[in-house]
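Numbering (the numbering used here), first residue to last: 53 to 191. Idealized CB from N, CA, C, for every residue including glycine.
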Amino acid sequence: MSLLIRQYAPQNHEVERWLEDNPPGPVDIDCIVTVKLKILDGKCKMPEQEKVVMSELYDAIRFRPRHHLDMGLRQLIREADRILDMQGELSEGLTLHIYELRLMAESRLARPVMKAFKKHIRDTGLLPKKVAVTEDDDA
Numbered sequence: 053m054s055l056l057i058r059q060y061a062p063q064n065h066e067v068e069r070w071l072e073d074n075p076p077g078p079v080d081i082d083c084i085v086t087v088k089l090k091i092l093d094g095k096c097k098m099p100e101q102e103k104v105v106m107s108e109l110y111d112a113i114r115f116r117p118r119h120h121l122d123m124g125l126r127q128l129i130r131e132a133d134r135i136l137d138m139q140g141e142l143s144e145g146l147t148l149h150i151y152e153l154r155l156m157a158e159s160r161l162a163r164p165v166m167k168a169f170k171k172h173i174r175d176t177g178l179l180p181k182k183v184a185v186t187e188d189d190d191a
């Protein structure tokens, strides 16, 4: 995640409202943590503004109980965010460590579970719905 995202990520009342209307369970929390890890390891393909929203969502739920994922990840994520705030990037070693932890987190979540979560956050308006690309759009 770029320094730009961390510097300009406001407290988002939309995220707070969304959480009130869509209280996440422990499996949803695991999905949110996994997306945050993917943002931190630089592999997330979401547009920058969606990364901001997902980071704000993580910040709002970081103390909530998870299903499979270790609460110790919270300290690692907090440290990575602190380093980003101060230095603008993570070291290669820390990025690789986060990547490995993200792969472990993804292995504990069934692929359909993560897909359903991502669909839910789009269907309920936290993130914009994806627009299907047709062959005519590619030309």
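Requested in this report: Please determine, among K88, D82, C83, R118, the residue with the shortest C-alpha to C-alpha distance to I129.
Outcome: K88
Query - Nearest-angstrom Cα separation, counted from V67 out to V105 - result: 7 angstroms
Query raised in the report: Can you tell me the Cα-Cα spacing of G81 and R69, whole angstroms?
Result: In the sequence as displayed, the identity of residue 81 is Ile instead of Gly. Taking the straight line joining both Cα atoms gives about 16 angstroms.
Requested in this report: Please go through the same chain and pick out, in chain order, the residues whose beta-carbon is closer than 8 angstroms to the beta-carbon of P99, but skip the five residues on each side of it.
Outcome: none
Report task. Give a yes or no on contact between the region 90-97 and the region 145-160, applying the rule of three or more CB pairs nearer than 8 angstroms. Result -> yes
Query raised in the report: Taking buried to mean at least 16 other C-beta atoms within 10 Å of its own C-beta, is E72 buried or exposed?
Result: exposed
Query raised in the report: Can you tell which of D122, N74, I84 has the C-alpha that lies nearest to the C-alpha of M166?
Result: I84
Requested in this report: Report back the beta-carbon spacing between E158 and T86 to the nearest angstrom; my notes put them in contact at under 8 angstroms.
Outcome: Yes, E158 and T86 are in contact; Cβ-Cβ is about 6 angstroms, under 8 angstroms.
Report task. Give the range of the alpha helix (DSSP H) segment to which D111 is assigned. Result -> 100-113
Query raised in the report: What are the boundary residues of the alpha helix (DSSP H) that includes D133?
Result: 125-139
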